[in-house]
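Shown next, in structure tokens, is the structure this report addresses.
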Ligand code: B12
Ligand code: SF4
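Residue numbers (the working numbering): 655 to 1265.
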């Protein structure tokens, strides 16, 4: 790629640079793909991107000081991006079915001037979370006072402003897709961001390809299109070049049908092992040392449309898949993405065997928690959402299947016990302010959180304020919309979760002191004005300057009640009898009357004797 003037700005600093000073001599590429810098980096692991989704831009200095090199990205020889989010890679792959390689490039935002030229007809942006209006992202920025500008959103806007100021802007159409595209249509920011069309759905579909064709022919585009999701395993494409964090899809859809969930609206598909492995090898070939299989629930893989309900994990298939992944030469690190908690109660032995396989390649170390010799840990994302059975019945009645949702607190506590015993310390999300949430619901969730503390269980608890996500079964519901509306109990839940998260970091003599003083200073300086009076006592609780017992005596907080919950054995005994046939005898705790599976059947079976 030749340039007429400067060689672009290679720093990826995300500044307000415009594109008018750089002109590609070869006229640029027909289709240019990109994504916000902050969604592209695969430096420092998942947590940095999650932090960027939640921290306001004025706190960028915190990340700069912890990860001074986070903006450094790698280029291919021709200036294209060496890694891109999996979504971009699939758009690229979809396009390469119809267009020549030299017509399609994927580049970092700062390199756009090198590729957008007179020949460019489409600039396609893939984005996860451009405006930060999704759950967890909005809440923390608003606690700190500027809810509209998380770091990620700042960089996404910076990308759009680069595109908007291109001297060639009139020649090309801007198409946006990815799981965060809806944020643009919902907020009607098309003009502001200079976006022509938002695509909801997957790039593999004919609808998406037709749109690119139209743009190339210079036709007007609709504001928004719905692109159909493939319904078969074979219709899903796989990246054959490097992806951010080595993300390779493992499943689509979920099947548990939570009312607030977007990915569950997609068909439940587990993707072919050979294709997954080919993508893993492609990542390694291009220099990636880390792999992460993207899924809503890793435990459904191998059990979709097998005749066994998907919530009884296929132990052998999962162990085989993960073993091949981590034993692929060149894979040095493997990170889990999402799962659900009930499978760990269903098959604890699977968890133990997965730990044996996966811990050695986990980049996560939790020295205060892990019993692994190198202190390694596994931290998948799991939805806890609420401790209130009443609320759970409304918003996620199948979250704990095969167990009844009435046993949700028991499933969470037993599941977490089994996970912790095997050095899994999950990141668990909670929803605060769901529509119709009462004080009693929040107390029930606090009961569960305090019970975790009492039992010495550990998860990183990430509470977020309910956000009605586009297209979900709850899209028209309204919950809490800003932090000032939170009740004292809801604030307490938020702050208690964070207080518990900081436990492993608080063993140094200076740790607790720093948090106490720091949080009180922040409260005096800014937070009390932003968040209102309901925030005051929960913040004092968080700071640890007044004991929780004293705060309760003063009537300022609620101390969770001890919970009497079911053991694994009791949970298993409560299963519907037609599920007994799927239990694995080697996990023990078998219900009275269980008989071992008949050798003539492949799945373990049992015959219920009483109802
Ligand atoms: C891996 C992952 C992560 C990783 C890595 C992300 C990365 N940059 O690569 C990490 C952990 C960092 C992460 C972070 C977050 N994530 Co995330 N993440 C996922 C996960 C599991 C997989 C994403 C993925 O790569 N999928 C595979 C690719 C191929 O799918 P895709 O990107 O959707 O692309 C397809 C289509 O969207 C379309 N497409 C994509 N781009 C484009 C562009 C054009 C032009 C077109 C036409 C089509 C198109 O075609 C592709 C297929 O062909 C999804 C769940 C899921 N299954 O999608 C959640 C998910 C996307 N994340 C979600 C959320 C909420 C977040 C966070 C905000 C969480 C938080 N509070 O911290 C942050 C935001 C990070 C940020 N930078 O702002 C939500 C999104 C909700 C929303 N936006 O409405 C999801 C759906 C999870 C969920 N259960 O709700 N995430
Ligand atoms: S378990 Fe998770 S992925 Fe599945 S439907 Fe519920 S929220 Fe969605």
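Idealized CB from N, CA, C, for every residue including glycine.
Quick caveat: nothing in here was measured; it's all calculated off a predicted structure.
Residue i vs residue j beta-carbon contact at 7 Å
{"i": "residue 681", "j": "residue 825", "result": "no"}
{"i": "residue 1120", "j": "residue 1085", "result": "yes"}
{"i": "residue 779", "j": "residue 688", "result": "yes"}
{"i": "residue 898", "j": "residue 739", "result": "yes"}
{"i": "residue 887", "j": "residue 917", "result": "no"}
{"i": "residue 705", "j": "residue 804", "result": "no"}
{"i": "residue 1103", "j": "residue 1150", "result": "yes"}
{"i": "residue 852", "j": "residue 878", "result": "yes"}
{"i": "residue 1074", "j": "residue 1026", "result": "no"}
{"i": "residue 893", "j": "residue 683", "result": "no"}
{"i": "residue 1111", "j": "residue 1070", "result": "yes"}
{"i": "residue 944", "j": "residue 987", "result": "yes"}
{"i": "residue 1214", "j": "residue 1101", "result": "yes"}
{"i": "residue 1066", "j": "residue 1144", "result": "no"}
{"i": "residue 776", "j": "residue 816", "result": "no"}
{"i": "residue 1016", "j": "residue 858", "result": "no"}
{"i": "residue 938", "j": "residue 984", "result": "yes"}
Endpoints, the alpha helix (DSSP H) within which residue i is located
{"i": "residue 813", "result": "805 to 818"}
{"i": "residue 1015", "result": "Per DSSP, residue 1015 belongs to no alpha helix (DSSP H) and is neither H nor E."}
{"i": "residue 745", "result": "740 to 749"}
{"i": "residue 997", "result": "996 to 1000"}
{"i": "residue 863", "result": "860 to 870"}
{"i": "residue 845", "result": "844 to 847"}
{"i": "residue 767", "result": "766 to 769"}
{"i": "residue 979", "result": "969 to 980"}
{"i": "residue 922", "result": "Per DSSP, residue 922 belongs to no alpha helix (DSSP H) and is neither H nor E."}
{"i": "residue 1103", "result": "1093 to 1108"}
{"i": "residue 702", "result": "700 to 708"}
{"i": "residue 1203", "result": "1202 to 1207"}
{"i": "residue 1065", "result": "1062 to 1075"}
{"i": "residue 713", "result": "That residue, residue 713, is in no alpha helix (DSSP H); it is neither H nor E in DSSP."}
{"i": "residue 854", "result": "That residue, residue 854, is in no alpha helix (DSSP H); its beta strand (DSSP E) goes 851 to 855."}
{"i": "residue 886", "result": "First-last for residue 886: undefined, no H or E at that position."}
{"i": "residue 778", "result": "First-last for residue 778: 776 to 780, but that is the beta strand (DSSP E), not the alpha helix (DSSP H)."}
Cβ-heavy atom distance, residue i to ligand 2, below 6 Å
{"i": "residue 950", "result": "yes"}
{"i": "residue 1037", "result": "yes"}
{"i": "residue 918", "result": "yes"}
{"i": "residue 823", "result": "no"}
{"i": "residue 910", "result": "yes"}
{"i": "residue 915", "result": "yes"}
heavy atom of ligand 1 below 6 Å from residue i C-beta
{"i": "residue 856", "result": "yes"}
{"i": "residue 693", "result": "yes"}
{"i": "residue 745", "result": "yes"}
{"i": "residue 994", "result": "no"}
{"i": "residue 898", "result": "yes"}
{"i": "residue 997", "result": "no"}
{"i": "residue 706", "result": "yes"}
{"i": "residue 930", "result": "no"}
{"i": "residue 809", "result": "no"}
{"i": "residue 988", "result": "no"}
{"i": "residue 901", "result": "yes"}
{"i": "residue 832", "result": "yes"}
Reference residue i; option with closest CA among the options
{"i": "residue 882", "options": "804, 870 and 865", "result": "865"}
{"i": "residue 936", "options": "969, 906, 955 and 982", "result": "982"}
{"i": "residue 703", "options": "1048, 766 and 782", "result": "782"}
{"i": "residue 1220", "options": "1062, 868 and 805", "result": "1062"}
{"i": "residue 812", "options": "833, 697, 847 and 951", "result": "847"}
{"i": "residue 1268", "options": "872, 859 and 786", "result": "A query on residue 1268 cannot be resolved here, the shown segment of the chain reaching from 655 to 1265 and no further."}
{"i": "residue 922", "options": "941, 929, 943 and 885", "result": "885"}
{"i": "residue 822", "options": "1209, 769, 1252 and 933", "result": "769"}
{"i": "residue 928", "options": "760, 1157, 978 and 1231", "result": "978"}
{"i": "residue 971", "options": "1004, 1091 and 996", "result": "1004"}
{"i": "residue 806", "options": "890, 725, 959 and 777", "result": "725"}
{"i": "residue 1205", "options": "1142, 1154, 1247 and 1240", "result": "1142"}
{"i": "residue 1266", "options": "1019, 974, 952 and 1012", "result": "The question about residue 1266 has no answer, for the chain in this structure spans 655 to 1265."}
{"i": "residue 1198", "options": "1233, 1230 and 1157", "result": "1157"}
{"i": "residue 834", "options": "1020, 907, 1194 and 690", "result": "690"}
{"i": "residue 754", "options": "1139, 686 and 1043", "result": "686"}
{"i": "residue 962", "options": "931, 1059 and 1233", "result": "1233"}
{"i": "residue 1227", "options": "829, 1040, 1245 and 920", "result": "1245"}
{"i": "residue 695", "options": "830, 1118, 875 and 901", "result": "901"}
Residue i, enclosing beta strand (DSSP E) - first and last residue
{"i": "residue 1051", "result": "Unbroken run through residue 1051: none, as it is neither H nor E."}
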